[in-house]
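**Student:**
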Amino acid sequence: MKALPFSFSSALLAMSISPGKLIGILIGLLILILIVVFICVLLRRRGRAKARATEEVKAEPVREEPPEDVTPIEDEKAAEPEEEPEEPITLKESIAVAKHAAHSVKWGKKTIAEYLRVRHAGEIEINERVSQTTTGLPLADTHYAVDHKTRKCFVYVYETEGAPMLLINADPELARELHKRRGNVHKSAFPKSKDQWYSLPLDDTYSKEEVQSILDRCHAYVLGRDVNAIPLPGLAKAEPVGSQEPMTLKESIAVASHTAHSVKWSKKAIAEDLRTRHGKEVEVNERVTHTTTGLPLADTHYAVDHKTRKCFVYVYETEGSPLLLINSDAELAAELNGRHGNVHKSAFPKSKDQWYSLPLDDTYSKEEVQSILDRCHAHVLGRDAKAIKLQASLPDPVAVISASEVDDLISDEAAEAAIENDDVKVKVTGKKEIVNVDSLSACFRSGDTITVQALAEKGLISKKAGQVKLLAHGTLDKVFHVELQDFSIEAAKMIIATGGTVKRVPSPVEKK
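Numbering (my numbering), first residue to last: 80 to 591.
1. Helix, strand or coil: how does DSSP classify G461 here?
2. Would you be able to state if there are at least three C-beta pairs under 8 Å between the segment 523-534 and the segment 562-582?
3. Which term fits A200, buried or exposed, when burial requires 16 or more other beta carbons within 10 angstroms of its beta carbon?
4. If contacts are defined as beta-carbon pairs under 8 Å, then V361 and H456 qualify, I think. What distance do you get, rounded to the angstrom?
5. Sorry if obvious, but does the Cβ on R418 come closer than 6 Å to a heavy atom of the ligand FAD?
6. Can you give, in chain order, each stretch of the alpha helix (DSSP H) that sits fully within the segment 231-264 and has at least 4 residues?
7. Should the segment 246-263 be called in touch with the segment 324-331, which here means at least 3 C-beta pairs below 8 Å?
8. May I ask which residues mark the beginning and end of the beta strand (DSSP E) holding V225?
9. Check this for me: beta carbons of P474 and L488, under 7 Å apart or not?
10. Any idea if G358 is buried or exposed, counting beta-carbon neighbours within 10 angstroms, 16 or more meaning buried?
11. So which of G187, L109, W276 and V197 has the shortest CA-CA distance to Y237?
12. Decide if E172 is buried, meaning its Cβ has at least 16 other Cβ atoms within 10 Å, or exposed.
13. Going by other Cβ atoms of all chains shown within 10 Å of its Cβ, with 16 needed for buried, is G461 buried or exposed?
14. Taking the alpha carbon of D441 as the reference point, which residue from D408, S400 and P428 has its own alpha carbon closest?
15. Pull up the DSSP beta-bridge partners for R388, would you.
16. Identify every run of the alpha helix (DSSP H) within the segment 385-429, keeping only runs that are complete inside it and at least 4 residues long; order them along the chain.
17. If you follow the beta strand (DSSP E) that V306 is in, where does it begin and where does it stop?
18. Counting only the same chain and skipping the five closest in sequence on each side, list residues whose C-beta sits under 6 Å from that of Y235.
19. If you draw a straight line from the alpha carbon of L555 to that of S345, how long is it in whole angstroms?
20. Which residue comes first and which comes last in the beta strand (DSSP E) that contains V561?
21. Tell me which residue opens and which closes the alpha helix (DSSP H) that L519 is part of.
22. For the pair the segment 222-232 and the segment 300-309, tell me if three or more CB-CB distances fall below 8 Å.
23. Alpha carbon to alpha carbon, what distance is there between V120 and Y435?
24. Can you check whether the CB of I540 is closer than 7 Å to the CB of L534?
25. Give the DSSP-derived three-state secondary structure of D527 in the structure shown.
26. So is K273 buried or exposed if we call it buried at 16+ other beta carbons inside 10 Å?
27. Once you ignore the five residues that flank A382 on each side, which residues in its own chain have a CB closer than 7 Å to its CB?
28. To the nearest angstrom, report how far apart S425 and E288 are at their CA atoms.
29. If you count every other CB in all the chains shown that lies within 10 Å of the CB of T214, and 16 or more means buried, which is it?
30. Return the chain-ordered list of same chain residues with a C-beta closer than 6 Å to the C-beta of T370, the five sequence neighbours on each side being excluded.
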């Protein structure tokens, strides 16, 4: 029998499957394949989401998605200067800092939302939420800047047991300025984003105007507008020490642990300084940093004279800055709080004397800390502590400074405090002439004392001049000791910035 040639139709006849049934089978197989592919994609997405959620929960106890960015992602920012905090902190750490910060009565989630709604009407999307999830985890309000081409989150607002806490999408210049002012602004590891976010505990040192400008500047920043057109107002006055509730030792250590570290001071450095400068009038008690059970342990130092032995300072080392508990007069505590905004009454140690906690961050100069210790030493010995002048909080000397940079380095208050007066009321007479700071660099050697006579000898002023005013100009790269009748505050800052001194003295014809 002759074999039939193979064909699709003959195969169907052999299998007794009609074309209609075969089409149905093929469609069924196609649907099955699509279902399998869909399930695989779904499982893969769920796996990624679960991994991301797990990672965020381990790092920070808030399950919030990063803000949606509609605009194209910008290039990475250039390396940031040292003033900016280097290591990002987790959301959990940020909230812990805010919990121990002095509470701000000016701001909360509601007041911030109301301000943004009014201030940026038409260009804001307000997302108000409860303060905590049903499981007790903190939950933020998230607010978006909006225009015709962009919708982007610029601030998270958390409420804590202490100060409100902001996470801000900010320009690096704003973050550096805020960190320089208070030392408590940190890079934030949350939310995970191409942009750099910063954590900011909104304590009571922030004025209403300052917070408004911070929010306005972040709003402008994410919309790509000129942030420099929005100036940052000055510091607000800190809460008076006398009206504060005392902090526990645990709270004080928590604040210090999250404060910018001071490289100038440690337990060992303070002990050596006291031993050197106070000799037999101090009893230095150095101890290990922690007990065998991991509890913090302080060095305790005593002021001693022929009739008194009394502790005047506890020194703790933390993961952040060193922490001092000082037995101090109220005036010193108030002045320090006015300068730094981080001095609080301490509930420890229990004593009839009032103790204060002081996180020794990098805004305290070496001379300032020494004057604090000296004043506390005198205070417990019953001496005139107020006769010990609190030194200015000045940065470490720099090799070179320009007139345009000096305001960012030294505050007016610190410069004024560093200026010495020869007399309570300095008398001046004679012809007044002007000299620029950069002229000193050109004509004098580092270490020289600048007087009217010295300037006349160099030909910078006439020999008939009786008084000189020094003005800021150009750059300075030398150390000078200036003894003149007048100077602009910027000129004084330039002299101080390189390690020099400034003294206001009478005119030569009047000085006896």
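Even glycine gets a Cβ: it sits at the ideal position worked out from N, Cα and C.
The structure presented is a predicted model; accordingly, all values stated were derived computationally and were not measured.
**Tutor:** With the given structure in hand:
1. Secondary structure at G461: coil, using DSSP grouped into helix, strand and coil.
2. With a cut-off of 8 Å, the segment 523-534 and the segment 562-582 count as touching, because enough Cβ pairs lie within range.
3. exposed
4. Rounded, the Cβ-Cβ distance is 7 Å, consistent with contact.
5. The ligand FAD is not part of this structure, which contains no ligands at all.
6. Unbroken alpha helix (DSSP H) stretches of 4 residues or longer found wholly inside the segment 231-264: 251-261, given in chain order.
7. no
8. Per DSSP, V225 belongs to the beta strand (DSSP E) from D220 to V225.
9. yes
10. exposed
11. G187
12. buried
13. exposed
14. S400
15. V383
16. 409-419
17. V306 -> no beta strand (DSSP E), and no H or E assigned at all.
18. A219, T221 and L246
19. Between L555 and S345, the alpha-carbon positions lie close to 32 Å from each other.
20. Looking at the DSSP string, the run of the beta strand (DSSP E) that includes V561 is H560 to L563.
21. V516 to C522
22. With a cut-off of 8 Å, the segment 300-309 and the segment 222-232 count as touching, because enough Cβ pairs lie within range.
23. 60 Å
24. yes
25. coil
26. exposed
27. E360, V361, K389, F391, H456, V459 and L460
28. 30 Å
29. exposed
30. L376
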